[in-house]
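Once you know that position 135 of the sequence shown is 548 in this note's numbering, the rest is easy, because the numbers rise by one and skip nothing. Okay, so here's the structure we're looking at.
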Amino acid sequence: AFNVDDLVITDILYRDLQRRIPVIFLDTLYHFPQTLELVAKAKDLYNLDLKTYKIPDVDTREAFAAKYGEALWDKDITQFHQLTKIEPLQRGLAELNAIAWITGRRRDQAHTRSDMPVFELDGKQRLKVNPLASWTRKESWAYVFEHNVIYNPLHDQGYPSIGDEPITTPVAEGEDERAGRWRGTGKTECGIHI
Numbered sequence: 414a415f416n417v418d419d420l421v422i423t424d425i426l427y428r429d430l431q432r433r434i435p436v437i438f439l440d441t442l443y444h445f446p447q448t449l450e451l452v453a454k455a456k457d458l459y460n461l462d463l464k465t466y467k468i469p470d471v472d473t474r475e476a477f478a479a480k481y482g483e484a485l486w487d488k489d490i491t492q493f494h495q496l497t498k499i500e501p502l503q504r505g506l507a508e509l510n511a512i513a514w515i516t517g518r519r520r521d522q523a524h525t526r527s528d529m530p531v532f533e534l535d536g537k538q539r540l541k542v543n544p545l546a547s548w549t550r551k552e553s554w555a556y557v558f559e560h561n562v563i564y565n566p567l568h569d570q571g572y573p574s575i576g577d578e579p580i581t582t583p584v585a586e587g588e589d590e591r592a593g594r595w596r597g598t599g600k601t602e603c604g605i606h607i
């Protein structure tokens, strides 16, 4: 969702690369407007080879609700994530013939990520690389400020981790960085990284 760590990775990769690598953006239809503005800005700034994937045959929130029901995330969060994130990502990686992909995950983001390796295989036996695994939130932000990396203004409004608008809330002081994601559902991951 173009969180701060995703943009750190993008900046590191695109700063000196002669060859552009594809960047997958999952258009869930439920991103904050600020996220969509950031994606457009990053695409222009870094000349991203941006590949957008979304739910097939659904172009608006209204069409999604008509096809799958109002507020599916309240009724079946797992199905919502399967439709909006997991299937589009898997389709994108397959269409791009990806043998590897890069994430912006860090071990300190959540207890569920504390033992995350730098290199792992995903469920389709593709190499998944977590280059910021050993970084801390503080180190990511230091990089952002040192290199003037653009970031989502919602980070300055209490959203350390930004997902879909209907299911992301600000985080209180002292809460886990990802506490605002799927609050009250018991979920800690959307399913992409499981």
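Quick reminder that beta carbons are idealized off the backbone N, C-alpha and C, glycines included.
Cβ pair residue i, residue j closer than 7 Å
i              : j             : result
proline 573    : valine 584    : yes
threonine 562  : leucine 451   : Here residue 562 is valine; the residue named in the question, threonine, does not match the sequence. Not closer than 7 Å, so no.
isoleucine 499 : threonine 598 : no
Per-residue DSSP class, three states only, for residue i
i                 : result
lysine 488        : helix
tryptophan 554    : helix
arginine 591      : coil
phenylalanine 438 : strand
valine 471        : coil
leucine 534       : strand
alanine 516       : Per the sequence shown, residue 516 should be read as threonine rather than alanine. The answer is coil: DSSP assigns threonine 516 none of H, G, I, E or B.
aspartate 577     : strand
Segment limits, alpha helix (DSSP H) that includes residue i
i           : result
leucine 506 : 500-508
lysine 464  : No alpha helix (DSSP H) contains lysine 464, which is instead part of the beta strand (DSSP E) from 462-467.
leucine 426 : 417-429
leucine 540 : That residue, leucine 540, is in no alpha helix (DSSP H); its beta strand (DSSP E) goes 540-542.
Residue i burial status per 10 Å Cβ neighbour count (16 or more: buried)
i                 : result
asparagine 565    : buried
phenylalanine 532 : exposed
(request) Inspect the CB distances between the segment 458-466 and the segment 502-510 and report whether three or more fall short of 8 Å. (result) Enough Cβ pairs lie closer than 8 Å, so yes.
(request) Report yes or no: do the segment 539-550 and the segment 510-530 share at least 3 C-beta pairs separated by less than 8 Å? (result) Short answer: they touch.
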